[in-house]
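Every position in the sequence shown, counted from 1, becomes a number in the numbering used here once 62 is added.
Read the structure below first, then the notes.
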Amino acid sequence: MQIDLNADLGEGAGSDEALLALVSSANIACGWHAGDASTMRQCVRWAIDHQVAIGAHPSFPDRANFGRSAMQLPPQEIIDGMLYQIGALAAIVRAEGGTLAHVKPHGMLYNQAVNEPELAAAICEAVRRFDPGLRFFGLAGSGMIAAAERAGLKPVEEVFADRGYMPDGSLVPRSQPGALIEDEARSLAQTLSLVRDHRVTAIDGSVVA
Numbered sequence: 063m064q065i066d067l068n069a070d071l072g073e074g075a076g077s078d079e080a081l082l083a084l085v086s087s088a089n090i091a092c093g094w095h096a097g098d099a100s101t102m103r104q105c106v107r108w109a110i111d112h113q114v115a116i117g118a119h120p121s122f123p124d125r126a127n128f129g130r131s132a133m134q135l136p137p138q139e140i141i142d143g144m145l146y147q148i149g150a151l152a153a154i155v156r157a158e159g160g161t162l163a164h165v166k167p168h169g170m171l172y173n174q175a176v177n178e179p180e181l182a183a184a185i186c187e188a189v190r191r192f193d194p195g196l197r198f199f200g201l202a203g204s205g206m207i208a209a210a211e212r213a214g215l216k217p218v219e220e221v222f223a224d225r226g227y228m229p230d231g232s233l234v235p236r237s238q239p240g241a242l243i244e245d246e247a248r249s250l251a252q253t254l255s256l257v258r259d260h261r262v263t264a265i266d267g268s269v270v271a
């Protein structure tokens with residue numbers, strides 16, 4: 063079994079280069095929730111230097127709330143925004159001599175796509191139009207993965223070491239208690255359960271498999 067350790071970059075945390083020594087793939091903010099052309103280029107350069115797979119991390123147009131505001135946008139607007147953001151990062155990656163490997167939606171764009179088939183379909187259609195060979199990261203077992211498969215993409219089923227799970231397998235909203243797992247031992251135990259047993263304990267104590 064091969065495990066891909068993944069992290070988000072270019073979001074102003076200040077630890078991007080240090081993270082790249084620990085992960086095998088990274089999602090780089092494309093300017094709509096965080097980052098700009100300069101941070102994108104710097105993160106791309108660091109990722110190439112550390113031989114870390116580079117991914118686009120597009121979001122809703124929501125810099126004010128870090129891409130965490132719920133939005134209802136027409137499918138074509140979603141497709142246009144996705145292409146705009148992926149294209150911007152891809153151009154920088156190409157200029158730096160690297161290769162764009164995947165796409166992972168950010169924040170509320172990701173969370174809504176878990177339960178909104180039309181949104182998930184629009185996101186995947188944008189990726190397909192840009193490059194159907196890109197890997198697509200989505201929540202394991204969710205509608206995002208089904209949408210990616212229907213679009214002919216290469217889905218990667220993602221699980222989280224540091225997030226709480228709802229009984230339906232979705233992530234606990236950040237506005238609710240239990241959304242983040244900050245205890246190292248708990249995070250490690252959840253990771254082992256997900257990877258080894260393909261199951262996770264939800265916040266109500268039920269087991270999601």
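Glycine included, every Cβ here is placed at the ideal spot set by N, Cα and C.
All values derive from a computational prediction rather than experimental measurement.
- PHE192 sits in a helix when the DSSP states are folded into three classes.
- Taking LEU145 as the centre and dropping the five residues before and after it, the same chain places the C-beta of ALA188, ARG191, PHE192 closer than 8 Å to its C-beta, in chain order.
- In the DSSP assignment, ASP78 falls outside any beta strand (DSSP E) and lies within the alpha helix (DSSP H) extending over 78-81.
- The Cβ atoms of PRO120 and GLN147 lie closer than 8 Å to each other.
- Residue state for GLY143 is assigned as helix, using DSSP reduced to three classes.
- Under the DSSP assignment, LEU171 falls in the alpha helix (DSSP H) whose first and last residues are 169-177.
- Between the stretch 214-221 and the stretch 194-201 there are three or more inter-stretch CB-CB distances shorter than 8 Å, so the stretches are counted as touching.
- With a cutoff of 8 Å on beta-carbon distance, GLY129 and CYS105 are scored as not near each other.
- From the listed residues ALA118, VAL85, SER86, the smallest Cα separation to THR101 is found for ALA118.
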